[in-house]
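J.: Here the sequence shown stands for residues 44 to 164, numbered as in the working numbering.
Pasting a structure here, questions to come.
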Amino acid sequence: MKTFYLFSVLLVLVVMLTTSIRAQDNGKKVVMHRYLVERTFPDGLEIPVNVEGSQICLNVVSVNAEDNVTWIHSYVTTDHKKTFCIYDAPSPEAIEKSAKQNGLPVDNIVEVSVLDPYFYK
């Protein structure tokens, strides 16, 4: 299981690197913004913790890369009915397009910035 986890993390890192390399449009750099994406899953979101689940996540990352959208991480409520996902993307429209291609709902997209207790460093 530990090997599977490490392999999954490495695959995600490779895809994320590929996404950042692809973040160019006709030779110009794409300006990326950070967004919080809220989603509702009425029946709950269940992603198996196995190879199938890993493939589901990697497919999402791959489709996102086509629109220069990078999934950073997500928070899932304990009932699995809501997610709050952090993305880097050129626009909310790019996130909506990727979500539609991935068959994922979008309730709300808000541009955000990072604030943590270490901002003074």
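By construction, the Cβ of each residue, glycine as well, lies at the ideal position given by its N, Cα and C atoms.
All values derive from a computational prediction rather than experimental measurement.
(1) Is S97 helix, strand or coil by DSSP?
(2) Out of N102, Y78, G96, L101, which has the shortest C-alpha to C-alpha gap to A137?
(3) Less than 9 Å separating the beta-carbons of P135 and V73?
(4) In the region 86-159, which residue ranges form an unbroken alpha helix (DSSP H) of at least 4 residues, counting only runs that do not cross its ends?
(5) Can you look up V73 in the DSSP assignment and give me helix, strand or coil?
(6) What do you get for Y130, buried or exposed, if any count of 16 or more other CB atoms within 10 angstroms of its CB means buried?
T.: In this structure, then:
(1) Counting from one through the sequence shown, the residue named residue 97 turns up at place 54. Helix at S97.
(2) Working through the sequence shown from its first residue, we reach residue 137 at position 94. Of the candidates N102, Y78, G96, L101, the one whose C-alpha sits nearest the C-alpha of A137 is Y78.
(3) Counting from one through the sequence shown, the residue named residue 135 turns up at place 92. Counting from one through the sequence shown, the residue named residue 73 turns up at place 30. In this structure, V73 does not lie closer than 9 Å to P135 by Cβ.
(4) Within the region 86-159, the complete alpha helix (DSSP H) runs of at least 4 residues are 94-108, 135-145.
(5) Reading the sequence shown from its first residue, position 30 is the one you call residue 73. The answer is coil: DSSP assigns V73 none of H, G, I, E or B.
(6) By one-based count along the sequence shown, residue 130 stands at place 87. Under this definition Y130 is a buried residue.
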